[in-house]
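As structure tokens, the structure follows; a few thoughts come after it.
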Amino acid sequence: MQRSVSSLSLSPSVKVKLVNAGFQFTADLLHVKPLQLSKETSLSQLEALEVLQAVRGETGGGASSSLTALELLQKEEELRSIVTFSSQLDAALGGGLPVGKTTEICGAPGVGKTQLCLQLAVDVQVPQCFGGVGGQVVYIDTEGSFLLQRVVDIATAAVQHCSLLVEDDEQQVAMATFTVETILSNTFLVRCHDYVELLAELHLLPDFLSNHPKVRLLVIDSVAFPFRQHFDDLSQRTRLLNGLAQQLISMATSHKIAVLMTNQMTTRLRGGQSQQVPALGESWGHAATIRLLLHWAGPQRLANVFKSPNHMGATVRYQITSEGFRDVDQSEQPPSKRARKHTVQMAAAREPSET
Amino acid sequence: MDQLELNPRIIAAVSRAHLKSAREVLCVSGSDLQRVTGLSSSDVQQLLIAAATSCRRHHPIAALVLHRKFDAGLRLSVGCPVLNQLLRGGLLVGGVTELSGESGAGKTQLALQLCLSVQYPTQYGGLHSGAVYICTEDSFPIKRLQQLITDQSLLRSDVPPSLISSLQFSDRIYIEHVADLDSLQVCLSRRVPLLLTRGLVRLLVVDSLAALFRSEFQAADWLERSKQLLTFSSTLHHLSSRFTTPVLCINQVTDFLSSSDDSLGPLSSSVSPALGLLWANQVMVRLMMRRLQVTVAQGDQSSVLRRLEVVFAPHLARSGRDAAVEGEGVLTSV
Chain V
1 MQRSVSSLSL SPSVKVKLVN AGFQFTADLL HVKPLQLSKE TSLSQLEALE VLQAVRGETG
61 GGASSSLTAL ELLQKEEELR SIVTFSSQLD AALGGGLPVG KTTEICGAPG VGKTQLCLQL
121 AVDVQVPQCF GGVGGQVVYI DTEGSFLLQR VVDIATAAVQ HCSLLVEDDE QQVAMATFTV
181 ETILSNTFLV RCHDYVELLA ELHLLPDFLS NHPKVRLLVI DSVAFPFRQH FDDLSQRTRL
241 LNGLAQQLIS MATSHKIAVL MTNQMTTRLR GGQSQQVPAL GESWGHAATI RLLLHWAGPQ
301 RLANVFKSPN HMGATVRYQI TSEGFRDVDQ SEQPPSKRAR KHTVQMAAAR EPSET
Chain S
356 MDQLELNPRI IAAVSRAHLK SAREVLCVSG SDLQRVTGLS SSDVQQLLIA AATSCRRHHP
416 IAALVLHRKF DAGLRLSVGC PVLNQLLRGG LLVGGVTELS GESGAGKTQL ALQLCLSVQY
476 PTQYGGLHSG AVYICTEDSF PIKRLQQLIT DQSLLRSDVP PSLISSLQFS DRIYIEHVAD
536 LDSLQVCLSR RVPLLLTRGL VRLLVVDSLA ALFRSEFQAA DWLERSKQLL TFSSTLHHLS
596 SRFTTPVLCI NQVTDFLSSS DDSLGPLSSS VSPALGLLWA NQVMVRLMMR RLQVTVAQGD
656 QSSVLRRLEV VFAPHLARSG RDAAVEGEGV LTSV
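Chain order of the listed sequences is V and S. By this note's numbering, the letter at position 280 of the first sequence is numbered 280, and the numbering carries on one by one without gaps. By this note's numbering, the letter at position 260 of the second sequence is numbered 615, and the numbering carries on one by one without gaps.
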């Protein structure tokens, strides 16, 4: 398979000159001297040198090898999902929040998007011996809704759950590293006040993630808020959002993190009827692999997985308690049905419900 | 642009493309940048990183560091211990808090109470500063304010009387009358930032919102209204975060149009806050006040009991407390 010249990291005008001079593929450039190249393509000598360096750099260095689908499947299975404290939601998501993918939460104000984000920011830190991922989290807050008072509530409840589940020495040791203080120290907070700051932060994140390989979750709460300020040029907004979506997907896969973002709802008129739809436009709908819609149905809160490549759309009930995002209490399971090995999900299901 | 640490060749290409600042560079999408500057993709990467570094305010901080700061969890007391408990301390000092309710519910009463409460030192739940009160409809209730000031020692039994009498409350409440959107924008972009910069105020009250945004626009001007509302909200948020100042917006209510319009959650009354979903998305803490059917007797006077409810907030449960509007203010007698 020949690699074409236009895929090299060069300026467009240089590429045009190369193609016009007949150099279609990088293989053509392998045995050319700089002086000869500059004569044939009318590039300056410096530019010709850069071209040849680019060619040699890119073919000499580790060209990304292609993977078979089986290898990809194995890689995916190695990445554990982030388990929430809501077993129903985990089931609907196919095991939990998937690592290596982007997930979006949409919903009206007050329905629980930030609560779920805060819950996951704590859940990602649950040690591996309890069924968690044991990772760190980067939390980008654009609205100011990351309130320490609430984070401490959720962290305290999570630590309490896990300490009730301790069965062996390994878990006992792990509990020493899972306290409210360590949870707060493993949560990296960034406050962005407008969309330019958000874009800046995302350009600098890959570097941060390389320096902090234990990060397994990136939360952006919310993407909508800074981008719904008045934009004179909506097509510019669309282009910026597309670029942002690509950056997030690439960060998710290359750094093996789960990306979680929240979106607002907006009203749209359709044939005289108004309905609520996720904000940020149609093309943004393709940004996330999985989309969750949180909404009210009377006094109940429902979570609907309405876009997912793996699972059919499921709707589950949830509640927000003082301890965080939880299932609504189901009727008690008979003891024989409980598995012997306790996990975080089981403890959460047994918890008494609160309003 | 010159301050960025970049190869001069890259900076030259950027200025040829008429991009004057790091912010402008970030606002152009990656592929557009390549096209406009003629730089290679690795150069564009370098450019973006340099621009981003200069636009970024802080590195990611561990939440533990914030938790340990002396002013973590700072709140503005409402003046009544039971209502403070409902709010887990009081008003948030960052972000917009909305207080909506029917007329006569007691919203202005609570706002006046906050204008006094902010003037106490932080150990008594205040912010040791004044308040700016933007009136958009009725004239400011100056007599009621005087009454509240006179009776402060009755309300705030937690504060030593000598401190209360030493504070010149009315001197530190700045009242602005604003009749339309243009003068509101002028007020928020000039007079209010000046007061905030000088440290004279640390509470901003807008009473009330819906009055301005509803009357000025017909249904057809919905797009213009949305734009104005977003600009207004953006200004409030910037002021709030820049000066760590609580912002209280008083809003009116509209009737529930239909039972299917429950997207914003169940409400305990048949009215919902005005200005719709667009405004609701801008609010961090939504409170509602309503009159109950119950009256409470105080001596030989009886007044209607009120209820202050949390509709949503990131750190508060959906709950409420009953309160009475007495001579000394809005409070729940234990």
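By construction, the Cβ of each residue, glycine as well, lies at the ideal position given by its N, Cα and C atoms. Note that the coordinates shown come from a computational prediction; the quantities given were computed from them, not determined experimentally.
DSSP three-state assignment for residue i, whether helix, strand or coil
i	result
V:Lys256	coil
V:Thr179	coil
S:Glu664	strand
V:Met261	strand
V:Ser13	helix
S:Leu536	helix
S:Gly481	coil
S:Val399	helix
V:Glu167	coil
V:Glu47	helix
V:Ser23	According to the sequence provided, residue 23 of chain V is Phe. The question's Ser does not apply to it. DSSP places V:Phe23 in coil when its eight states are reduced to three.
V:Ser361	With chain V represented from 1 up to 355, any question about residue 361 of chain V goes unanswered, as that position is not in the structure.
V:Glu104	strand
V:Leu405	The structure shown does not extend to residue 405 of chain V, since chain V is modelled only from 1 to 355, so the question has no answer here.
V:Arg350	At V:Arg350, the pLDDT of 46 sits below 50, so the modelled position is not reliable; the number obtained from the coordinates is stated separately. Three-state result, V:Arg350: helix.
V:Ala121	helix
V:Thr156	helix
V:Thr84	coil
S:Ala417	strand
V:Ser4	strand
Terminal residues of the beta strand (DSSP E) in which residue i lies
i	result
V:Phe306	Gln300 to Lys307
S:Ser627	Val626 to Pro628
V:Val99	Element bounds for V:Val99: n/a, residue is neither H nor E.
V:Gln136	Gln136 to Asp141
S:Leu686	Gly684 to Leu686
V:Ile290	Ile290 to Ala297
Start and end residues, alpha helix (DSSP H) containing residue i
i	result
V:Pro278	Counting along the chain, V:Pro278 falls outside any alpha helix (DSSP H), though it belongs to the beta strand (DSSP E) covering Gln273 to Pro278.
S:Trp634	Gly631 to Ala635
S:Arg676	Counting along the chain, S:Arg676 falls outside any alpha helix (DSSP H), though it belongs to the beta strand (DSSP E) covering Gly675 to Glu681.
S:Asp526	Where S:Asp526 is concerned, there is no enclosing alpha helix (DSSP H), given that its DSSP letter is neither H nor E.
V:Ser38	Pro34 to Thr41
S:Glu379	Ala377 to Leu381
S:Arg390	Gly385 to Thr392
V:Gln88	Ser87 to Leu93
V:Pro226	Ala224 to Phe227
Identity of the residues DSSP links to residue i by a beta bridge
i	result
S:Tyr475	Its beta-bridge partners do not exist; DSSP assigns none.
S:Arg366	As written in the sequence, residue 366 of chain S is Ile, which differs from the Arg given in the question. Beta-bridge pairing links S:Ile366 to no other residue.
V:Ile320	V:Phe325
V:Gly313	Answer is none; V:Gly313 lacks a bridge partner.
S:Ser658	S:Val651
V:Leu52	Per DSSP, none; premise fails for V:Leu52.
S:Ile489	S:Glu531 and S:Val561
S:Val640	S:Thr452
V:Leu269	V:Ser274
S:Arg646	S:Arg661
The ligand ADP heavy atom lying under 8 Å from the CB of residue i
i	result
V:Leu35	This structure lacks the ligand ADP, and indeed carries no ligand of any kind.
Proximity test, Cβ basis, 9 Å: residue i and chain C
i	result
V:Ala314	Here the protein chains are V and S, and chain C is not one of them.
Residue ranges of each beta strand (DSSP E) within the region 547-624 of chain S, 3 or longer: Segments of the beta strand (DSSP E) lying fully in the region 547-624 of chain S: 556-562, 602-606 and 608-610.
Residue ranges of each beta strand (DSSP E) within the region 420-470 of chain S, 3 or longer: Entirely contained in the region 420-470 of chain S, the beta strand (DSSP E) runs reaching 3 residues are, in chain order, 451-455.
Every unbroken alpha helix (DSSP H) inside the region 491-521 of chain S [4 residues or more]: 497-505, 507-510 and 516-521
Length at least 4, wholly inside the region 187-222 of chain V: the alpha helix (DSSP H) runs in chain order: 195-211
Where the region 660-671 of chain S meets chain V: residues whose CB sits under 9 Å from a CB there: Answer in chain order: Val666, Phe667, Ala668, Pro669, His670 and Leu671.
Against chain S: residues of the region 79-108 of chain V by CB proximity under 8 Å: Legend: CB atoms of the region 79-108 of chain V lying less than 8 Å from CB atoms of chain S belong to residues Ala108.
Proximal residues, the region 139-153 of chain V versus chain S, C-beta separation under 9 Å: Within the region 139-153 of chain V, those residues whose Cβ lies closer than 9 Å to any Cβ of chain S are, in chain order, Tyr139, Ile140, Glu143, Gly144, Ser145, Phe146, Leu147, Leu148, Gln149, Arg150, Val151, Val152 and Asp153.
Members of the region 223-247 of chain V near chain S, C-beta cut-off 8 Å: Within the region 223-247 of chain V, the residues whose Cβ lies closer than 8 Å to some Cβ of chain S are Ala224, Phe225, Arg228, Gln229, His230, Gln236, Arg239, Leu240, Asn242 and Gly243, listed in chain order.
Near-chain S residues of the region 29-40 of chain V (beta-carbon distance less than 8 Å), N- to C-terminal order: none
Selection of the region 193-227 of chain V by Cβ proximity to chain S, strictly under 7 Å: His193, Val196, Glu197, Leu199, Ala200, Glu201, His203, Leu204 and Phe208
Proximal residues, the region 168-189 of chain V versus chain S, C-beta separation under 7 Å: Glu181, Leu184, Ser185, Thr187, Phe188 and Leu189
Against chain V: residues of the region 404-415 of chain S by CB proximity under 9 Å: Of all residues in the region 404-415 of chain S, Ile404, Ala406, Ala407, Thr408, Ser409, Cys410, Arg411, Arg412, His413, His414 and Pro415 have a Cβ within less than 9 Å of some Cβ in chain V.
Members of the region 265-299 of chain V that neighbour chain S once the beta carbon cut-off is set at 9 Å: Met265, Thr266, Thr267, Gln276, Ala279, His295, Trp296, Ala297, Gly298 and Pro299
The region 10-31 of chain V: positions lying closer than 7 Å to chain S by Cβ: Leu10, Ser11, Pro12 and Ser13
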